[in-house]
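Colleague: Below: one structure in structure tokens.
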Amino acid sequence: MKADFEGACAVVTGAGSGIGKLIAKKLASGGARVAAWDINGPSARETVKEITDVGGESAAFQVDCGDFGQVLKASKSSMKFLGRLNILVNDAGIVAGKSFEELTETEVEKVFRVNSLSLFWTNKAFLEHLKKSKRSISVTVASAAGLIGSARLTAYSASKFAAVGFTCALRNELKKEKCAVKTLLVCPFYIGTGMFEGVKSKFPALLPILKPETVADKIVEAIKAGKERLVLPPFAALAGFIANAPVPIADRVENIFGINSCMDEFVGRKKENDGI
Ligand SMILES: NC(=O)c1ccc[n+]([C@@H]2O[C@H](COP(=O)([O-])OP(=O)(O)OC[C@H]3O[C@@H](n4cnc5c(N)ncnc54)[C@H](O)[C@@H]3O)[C@@H](O)[C@H]2O)c1
């Protein structure tokens, strides 16, 4: 793997835990220099320690990706550490996991700041640097919940639909400008990282709760291959078609697949900063 990212420089948000941590470690073990961003400073530093302990190059940055001022400040220090930028991975994300009526105004705003607005802020801060590299990519870790809306996920689903829309529009804009920067949109079904602790899949053979290692591996492979879209598992790609079918059919099929009952036993993370 060493040669895969030799000489590359990357920023990974949400690198203190879950998929972001695994992606940061995999890019670093492939030879990339990695700026590990997280709102949780100690966990970002722990990721960096795990990378540098085995000879990799990484530095930690404590930053709230939903705050443009913090993103701009951290982008400047990150560029000093990295020198250039080839890979931006927008992975930071949160979920509230409550019914619409239980959601507070603060929770709704926070979910949108982290899952949607952060994409504007990091891409604004880093696009000019990505443009300077011959091969570069901006990755959005969205969700299958950005292709289909399900019960108890109004804020999360809406924020991930925004992430999908942002990434598709940016891809087309960059292509129209004949800009070489690629985009990669990632839409996974539920992953066993703890963020969605308690969720259940009605048909695990078709829609399994994904293994974090597998998801991170597929994302890193997609970055390497310059892929533009990754839906996991592949069966989840049907979500977009189902969501756009006539509503009575869409609702029926979604209920058959248990999409609206997955969240019934949701517990999620209970730690500070790791969710709401
Ligand atoms: N876990 C799943 O089932 C699942 C499914 C589909 C998509 N996703 C998406 O994958 C991404 C990673 O999820 P995960 O399961 O690894 O979750 P995770 O909770 O393990 O990791 C998320 C990380 O983001 C960080 N973070 C939260 N708010 C932040 C902020 N404002 N600024 C910077 N960092 C912040 C957290 O501290 C944490 O380290 C998220 O965008 C999530 O929405 C997750």
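Residue 0 is where the sequence shown starts when you use numbering that gives the first Met the number 0, and the numbers rise one by one after that. Cβ coordinates follow ideal geometry from the N, Cα and C atoms, glycine included.
1. Excluding the 5 residues flanking Ala59 on each side, which residues of the same chain have their C-beta closer than 6 Å to its C-beta?
2. Within 10 angstroms of its Cβ, does Ser115 collect 16 or more other Cβ (buried), or is it exposed?
3. Using CA atoms only, rank isn't needed, just tell me which of Ile241, Phe256, Gly15, Thr213 is closest to Ala204.
4. Counting along the chain, where does the beta strand (DSSP E) carrying Thr182 start and finish?
5. Would you kindly work out how many angstroms separate the C-alpha atoms of Arg170 and Lys181, rounded to a whole number?
6. Please classify Arg32: does DSSP put it in a helix, a strand, or coil?
7. So is the beta-carbon of Ala91 under 7 Å away from any non-hydrogen atom of ligand 1?
8. Specify whether the stretch 164 to 179 and the stretch 70 to 87 touch according to this definition: at least 3 beta carbon pairs, one from each stretch, less than 8 Å apart.
9. Val214 and Ile38: beta carbons closer than 8 Å?
10. Mark Asn243 as exposed unless 16 or more other C-beta atoms lie within 10 angstroms of its C-beta, in which case mark it buried.
11. Which whole runs of the beta strand (DSSP E) in the stretch 60 to 98 are 3 residues long or more, in chain order?
12. Pair every Cβ in the stretch 3 to 14 with every Cβ in the stretch 87 to 94, then say whether three or more of these pairs are closer than 8 Å.
13. Please say whether Ile86 and Ile222 have beta carbons closer to each other than 8 Å?
14. Rounded to the nearest angstrom, how far is the Cβ of Pro232 from that of Phe188, given a contact under 8 Å?
15. Among Gly145, Ala124, Ala249, which residue has its Cα nearest to the Cα of Gly68?
16. Could you tell me whether any non-hydrogen atom of ligand 1 is closer than 7 Å to the CB of Thr12?
17. Out of Glu5, Leu21, Gly54, state which residue places its alpha-carbon closest to the alpha-carbon of Ala31.
18. So, for Lys210: in the same chain, excluding its five sequence neighbours on each side, which residues have a beta-carbon less than 7 Å away from its beta-carbon?
19. List the DSSP bridge partners of Ile190.
20. With H, G and I counted as helix, E and B as strand and the rest as coil, what does DSSP make of Glu196?
21. Taking just the CA atoms, how far does Val185 sit from Val138?
22. DSSP three-state call for Asp52: helix, strand or coil?
23. So, using beta-carbon positions, are Ser149 and Val110 closer together than 8 Å?
24. Distance check for Gly82 and Cys261, CA to CA, integer angstroms please.
25. Scan the stretch 117 to 153 and note each continuous alpha helix (DSSP H) run of 4 residues or more that stays entirely inside, going in chain order.
26. Count the other CB atoms, across all protein chains shown, that sit within 10 Å of the CB of Lys1; report buried if there are 16 or more and exposed otherwise.
27. Consult DSSP for Cys261 and reduce its assignment to one of helix, strand or coil.
28. With H, G and I counted as helix, E and B as strand and the rest as coil, what does DSSP make of Cys167?
Modeller: Looking at the atomic coordinates:
1. Ala35, Ala43, Arg44, Val47
2. buried
3. Phe256
4. 181 to 187
5. 7 Å
6. strand
7. yes
8. no
9. no
10. exposed
11. 86 to 89
12. yes
13. yes
14. 6 Å
15. Ala124
16. yes
17. Glu5
18. Gly191
19. Leu209
20. coil
21. 8 Å
22. coil
23. no
24. 44 Å
25. 117 to 131
26. Here Lys1 scores only 48 on pLDDT, less than 50, and its place in the model should not be relied on; the value that follows carries that caveat. Classification for Lys1: exposed.
27. helix
28. helix
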